[in-house]
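Numbers 1 to 437, taken from my numbering, label the letters of the sequence shown in order. Where a beta carbon is used, it is the ideal one built from N, C-alpha and C, also for glycine. Note that the structure is predicted; figures quoted are calculated from it, not measured. Input: a single structure, listed below in structure tokens.
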Amino acid sequence: MARAPPNNRFDAWPRFRAGFKSISVSFLNQGVSSATSFGIALLLLRWLTPSEYGAYGIGMSICYFYAGAGNALLPTQMVVHLPEKAEQERLPYAARIFCALLLLCAGSMGLVGLGGLGSIAIALRFVPEAQFAFAVAAASTLFLLKDFFVRLAYSVRREQLALLVNVTIAATAGVILLAVRSAGIRLTTSSALMIFAFSQAGGCAAGLFLYGLPLRSVRWRPLVADAVECWTHGRWALGVVGINWVQTQAYAYVTLLSLGAAAVGRANAGRLLISPFLLLVTAVNQLVVPRLAELRITGSASMLRAGRWITAVSVAAGALYSAALLAGSDSIVPALLGPSYSQMFPLAFAWCVALLSMLLRDGMTNVLVASKRFRALTYANLGGAAAALGGVFILIRLLGAPGAIVGTAVGDVVLAILLWNAAVPDPVPAALAEPRA
1 MARAPPNNRF DAWPRFRAGF KSISVSFLNQ GVSSATSFGI ALLLLRWLTP
51 SEYGAYGIGM SICYFYAGAG NALLPTQMVV HLPEKAEQER LPYAARIFCA
101 LLLLCAGSMG LVGLGGLGSI AIALRFVPEA QFAFAVAAAS TLFLLKDFFV
151 RLAYSVRREQ LALLVNVTIA ATAGVILLAV RSAGIRLTTS SALMIFAFSQ
201 AGGCAAGLFL YGLPLRSVRW RPLVADAVEC WTHGRWALGV VGINWVQTQA
251 YAYVTLLSLG AAAVGRANAG RLLISPFLLL VTAVNQLVVP RLAELRITGS
301 ASMLRAGRWI TAVSVAAGAL YSAALLAGSD SIVPALLGPS YSQMFPLAFA
351 WCVALLSMLL RDGMTNVLVA SKRFRALTYA NLGGAAAALG GVFILIRLLG
401 APGAIVGTAV GDVVLAILLW NAAVPDPVPA ALAEPRA
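Structure follows, in structure tokens:
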């Protein structure tokens, strides 16, 4: 008797359920992370002066640059290499990458510590600057270490662990801020950065407890071999991060030099209006890159189709969000940013333009990262950074701080075009095409 064919509908149900669970946990995870970051930013917006908030924004931009560079060298390489490892080798491999990351962070903190001691030795002239540098370094290294555990969770399909890490960060930040407020302590830029650093330390502690990385099994020679493997592509990814940081942060530094720290504070306050959507985009990207890396093994055509579809959906959603934000800006902006920030519509409009350009850029960036095409990313980002710098310098003279933000968006649009051209494979020449039967 012939066996009945399998019921594909029921075979597909477990895959659908697993995918839906991953997406739901990812959005919940990013919701917790977004609410934490957004809540801290709103509190600091009211507790710090615009100039102090501008300095805090500069410190956080350095933090994100350092974390981006560290991620490019090690955790991002772990994400794209992990699908090629045997199942039983994945956690030991992750443990070796984590130890390499610890060495990188320890070296960075050591350099900052030496600089701080030097400033104290010079007649105590640069102590406030040394405090700020130490706070930025602590925030940067701990944020990078926390980010390792989040990326690992998405790579091994245990997104709930990333959620627990972010819940720990939120709880730690909440307890510290409540204690500071209850004690009547006035926050400064450096102390605000240290609160951020301590919250990230809580996330790192949770990650170490939850993952059970086999750190005792780490040996020096395999660690060095893995680091060298990561460096092969990581050096190009590092170039991407550096160039992209110049492009995305050009508005802040040009505004600082041209209009002062208070103008940077207003510009960063305006960015908070699109931050909820951007942080949801981060949740999608964390899900997308590991899955695109797996599609790379089956064929680039399916990976490219998935990248196009995700880009189209995210841009459409971003356009709806921007329209709703601008339509309700008269009530939304005062409620979120407070009375110190008035006449923010030009900045809100500029950030909505920047949001759409970021979404265009991110879609093809994910495809090239999953394809390990970091050299192509570097060259494309060079073109985007040049366009952004030109746009910022020209438009800030015409439109002020909103012009600087739109100038950054010009760079993102140019970058998106270059990435699209790099991602689309060249057509096969007619002379080499297989003849039809």
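Could you check where the alpha helix (DSSP H) with Arg-266 kicks off and where it finishes? Per DSSP, the unbroken alpha helix (DSSP H) holding Arg-266 starts and ends at 261-271.
Contact under 9 Å by Cβ, Cys-352 with Leu-336: no
Where Arg-305 falls, given that 16 or more other Cβ within 10 Å makes a residue buried: exposed
Rounded to whole angstroms, what is the Cα-Cα separation between Arg-235 and Thr-49? Taking the CA atoms as reference points, Arg-235 sits about 39 Å from Thr-49.
Distance cut-off 8 Å: Val-264 Cβ against heavy atoms of the ligand NAD: Questions concerning the ligand NAD fall outside what the structure shown contains, since it holds no ligand whatsoever.
Using CA coordinates, which residue listed in Ala-95, Val-112, Ile-243 and Leu-142 is at the minimum distance from Leu-389? Nearest in C-alpha terms to Leu-389, of all of Ala-95, Val-112, Ile-243 and Leu-142, is Ile-243.
Out of Gly-110, Asn-29 and Arg-181, point me to the one whose CA is closest to Leu-43's CA. Arg-181
With 16 other CB atoms within 10 Å as the buried threshold, where does Ile-274 fall? buried
Count the other C-beta atoms from every protein chain shown that fall within 10 angstroms of the C-beta of Gln-30, then say buried if there are 16 or more, exposed otherwise. buried
Using a 10 Å radius around the Cβ and a threshold of 16 neighbouring Cβ atoms, would you call Trp-220 buried or exposed? exposed
From this set, Leu-238, Ile-405 and Gly-110, which residue's C-alpha is nearest Thr-76's C-alpha? For the options Leu-238, Ile-405 and Gly-110, the alpha carbon positioned closest to that of Thr-76 is the one of Leu-238.
Reducing DSSP to helix, strand and coil, say where Ser-61 ends up. Note: Ser-61 maps to helix in three-state DSSP.
Please look up how many angstroms separate the CB atoms of Ala-348 and Ser-329, rounded, as I've assumed it's under 8 Å. With 8 Å as the limit, Ala-348 and Ser-329 qualify as a contact, their Cβ atoms being about 5 Å apart.
Any idea if Ala-106 is buried or exposed, counting beta-carbon neighbours within 10 angstroms, 16 or more meaning buried? exposed
With burial defined as no fewer than 16 other Cβ atoms inside 10 Å of the residue's Cβ, what is the status of Gly-207: buried or exposed? By the neighbour-count criterion, in which a residue is buried when 16 or more other Cβ atoms sit within 10 angstroms of its Cβ, Gly-207 is buried.
Could you tell me whether the region 312-321 touches the region 370-379, where touching means 3 or more Cβ pairs closer than 8 Å? With a cut-off of 8 Å, the region 370-379 and the region 312-321 do not count as touching, because too few Cβ pairs lie within range.
Ala-401 and Met-364 - do their beta-carbons sit closer together than 9 Å? no
Would you decide whether Ile-396 is buried or exposed? Buried here means 16 or more other CB atoms lie within 10 Å of its CB. buried
Would the beta-carbon of Ile-195 fall within 9 Å of that of Ile-40? yes
Can you tell which of Ser-24, Trp-309 and Phe-393 has its C-alpha closest to the C-alpha of Leu-163? Ser-24
Taking all protein chains shown into account, decide if Trp-245 is buried (16 or more other Cβ within 10 angstroms of its Cβ) or exposed. buried
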